[in-house]
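Sequential numbering from 393 applies to the sequence shown in my numbering. Glycine included, C-beta positions come from ideal geometry on N, C-alpha and C. As the structure is a computational prediction, the values presented were derived from the model and not from experiment. As structure tokens, the structure follows; a few thoughts come after it.
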Amino acid sequence: MYKINIAGTGLAFDCAPGDTIARAAIRAGIGLPYECNVGSCGTCKVELVSGEVESNWPAAPGLNERDRARGRVLGCQSRPGSDCTVKARVGDQYLTGCAPRRFEARLAGQRDLTHDIREFRFALAEPVDFLPGQYALLQLPGVEGLRAYSMSNIARDGATWHFQVRRVPGGKGGAALFDHLRVGDTVAIDGPYGLAYLRTGSERDIVCIAGGSGLAPMMSIARGMAAHPAMAARRLHFFYGGRTARDICGSDMLAELPGYGDRITWHPVISMPEADGHQWTGPTGFVHELASATLGAALREHEIYFAGPPAMAQAVQRMLFDAGVPAAQVHYDAFY
Numbered sequence: 393m394y395k396i397n398i399a400g401t402g403l404a405f406d407c408a409p410g411d412t413i414a415r416a417a418i419r420a421g422i423g424l425p426y427e428c429n430v431g432s433c434g435t436c437k438v439e440l441v442s443g444e445v446e447s448n449w450p451a452a453p454g455l456n457e458r459d460r461a462r463g464r465v466l467g468c469q470s471r472p473g474s475d476c477t478v479k480a481r482v483g484d485q486y487l488t489g490c491a492p493r494r495f496e497a498r499l500a501g502q503r504d505l506t507h508d509i510r511e512f513r514f515a516l517a518e519p520v521d522f523l524p525g526q527y528a529l530l531q532l533p534g535v536e537g538l539r540a541y542s543m544s545n546i547a548r549d550g551a552t553w554h555f556q557v558r559r560v561p562g563g564k565g566g567a568a569l570f571d572h573l574r575v576g577d578t579v580a581i582d583g584p585y586g587l588a589y590l591r592t593g594s595e596r597d598i599v600c601i602a603g604g605s606g607l608a609p610m611m612s613i614a615r616g617m618a619a620h621p622a623m624a625a626r627r628l629h630f631f632y633g634g635r636t637a638r639d640i641c642g643s644d645m646l647a648e649l650p651g652y653g654d655r656i657t658w659h660p661v662i663s664m665p666e667a668d669g670h671q672w673t674g675p676t677g678f679v680h681e682l683a684s685a686t687l688g689a690a691l692r693e694h695e696i697y698f699a700g701p702p703a704m705a706q707a708v709q710r711m712l713f714d715a716g717v718p719a720a721q722v723h724y725d726a727f728y
């Protein structure tokens, strides 16, 4: 174990061999800032005052040359090689009450949702809790580095974690899951993480906006809302966008929830209706456009969660900003 001190705060925590500064801090109940957890966003930058660290990804885009010149490192990628002192912002807002753990899980089942999205269901040896909307880091066989995937179910007894993953051309993580992992195989999981979790104390109705495998955390949010007694009166608008008709899925899962068709409304949309030859009679365009056209100024009265590809996420952010939605009501974990 190495001791990590946070300069000027009196706070310190232990970091196990192979763990990273940011994740060890969260495990210890110390809220260091983070988002993507895989080196891309740069939210977890800290200044190394003393000690030695090694990076899991030296070329990570979350760190630029100016950062390196100032002695900054990415907390999510930095493994200490000695006791260290770092300068970092600390805040309880980065803690959720579900401390992340490292464990192994067995692939118990899988099913195809679309031509390129598959659900993988993992069984845990012992329960690990998580909040609706959170994600985990998976160490996949033959893949260097961790891959972040969101859970699509809700914890209940914490015995199973479900992930809905889209196969991306050339993606090594997807290839490992789709082509090489078999039922009965085990993977190492680290989680839960993520700050775009369901706010059960809010009295506002909910909007979920998803594209691609962003379906997973939004489905977890919907399931969490439906299962929480204090949210029995909340309404949910669930917007899901795809390129073509064969990219659309999710209505069957929402239909299993109490209140579907009444307080839970499904809004699918596609942007390329002629591309695959499938007949489509629903709305066309982009998912952020449909959300804006459907709710307009009423968006400001909702608690809003969204997840999807970077271009979609950026368009949703711009739309919500233009609509005047307060930032405190918008929940999104940055992935790249």
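- Counting only the Cα atoms, A624 lies some 7 angstroms from A618.
- In this structure, V478 places its C-beta atom within 8 angstroms of the C-beta atom of V438.
- Sequence-distant Cβ neighbours of G410 in its own chain, meaning closer than 7 angstroms and more than five residues away, are R471.
- By the criterion of at least three beta-carbon pairs nearer than 8 angstroms, the region 522–533 is in contact with the region 561–578.
- The Cβ atoms of R596 and Q721 lie closer than 8 angstroms to each other.
- Between the C-alpha atoms of C490 and N545 there is a straight-line separation of about 16 angstroms.
- A distance below 7 angstroms between beta-carbons, with the five flanking residues on each side excluded, links T506 to the following residues of its chain, in chain order: R638, D639, C641.
- The C-alpha of G604 lies about 12 angstroms from the C-alpha of A703.
- L628 and G688 have their C-alpha atoms spaced approximately 15 angstroms apart.
- Distance from the CA atom of A515 to the CA atom of T592, rounded to whole angstroms, is 26 angstroms.
- H694 and G677 have their C-alpha atoms some 22 angstroms from each other.
- Shown here, R638 sits in a helix according to DSSP, grouped into three states.
- In the structure shown, E439 adopts extended strand secondary structure according to DSSP, grouped into three states.
- Under the three-state reduction of DSSP output, S447 falls in the strand class.
- Scanning its chain for C-beta atoms nearer than 6 angstroms, with the 5 sequence neighbours on each side dropped, one finds around P665 the residues W672, T676, in chain order.
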